[in-house]
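FYI, in the numbering used here the residues of the sequence shown are 475 to 618.
Cβ coordinates follow ideal geometry from the N, Cα and C atoms, glycine included.
This structure is a prediction, so every number in the text was calculated from the model and none was measured.
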Amino acid sequence: MQDLKNLPQDFTAAPNVKLGKAQRPLVEDAMRERVQQVCDQLERLTQSPSGYRVFGKELFALLHGEGIENIEDLRDFINTTGKDGEILEDICADLNTDVTQVRKAVRDLKKQTGHQQQEVEMETDEGIDTNTCGNTIQDYEQRF
């Protein structure tokens with residue numbers, strides 16, 4: 475690359491070049507600019523392989539963390555993720571909402587059912603099986 479920068483950019487040093495005094499500075503500036511652009515491009519090209527290696531290592535670590543160890547696993551993951559995305563899109567369209575609202579509703583539902591499940595587990599732990607007392611917890615509460 476240093477050789478490119480050392481090219482004669484002053485046309486007085488170049489043989490068989492005849493330029494007028496007004497044209498010479500314009501051509502020399504244009505040549506200097508083009509040589510610099512070529513050097514910059516070559517510099518980026520030499521940096522690219524190491525950048526791709528780092529990117530590749532990070533990508534493989536991420537994929538391995540997801541349980542993806544080969545190309546077939548990656549294809550399955552992409553297909554499944556795509557199908558899941560389509561299903562979520564359909565659900566959101568049916569409910570006339572977006573994914574963040576669905577996520578919030580599911581969290582709230584899990585909290586509610588988790589709380590109810592804990593109550594059932596506590597009652598079962600006390601030696602009372604709510605399933606034998608009736609179909610619902612309400613039936614159980616009415617009997618006692």
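Review point. Under 8 angstroms, do VAL573 and LEU562 count as touching if we go by C-beta distance?
Key: yes
Exercise for review: State the start and end residues of the unbroken alpha helix (DSSP H) segment that holds LYS495.
Suggested key: Looking at the DSSP string, LYS495 is not in any alpha helix (DSSP H), and its letter there is neither H nor E.
Practice item. Using three-state DSSP, classify LEU503 as helix, strand or coil. Key: In the sequence on display, residue 503 carries Asp and not Leu. Helix.
Check your understanding: Helix, strand or coil: how does DSSP classify TYR614 here?
Key -> Caution is warranted here: a pLDDT of 45 is assigned to TYR614, below 50, making its placement in the model unreliable, and the coordinate value is therefore given only provisionally. Looking at TYR614 - three-state DSSP - the assignment turns out to be helix.
**Study point:** Under the three-state DSSP convention, the category ASP558 falls into
**Key:** helix
Review point. CA-CA distance, ARG527 and LEU519?
Key: 13 angstroms
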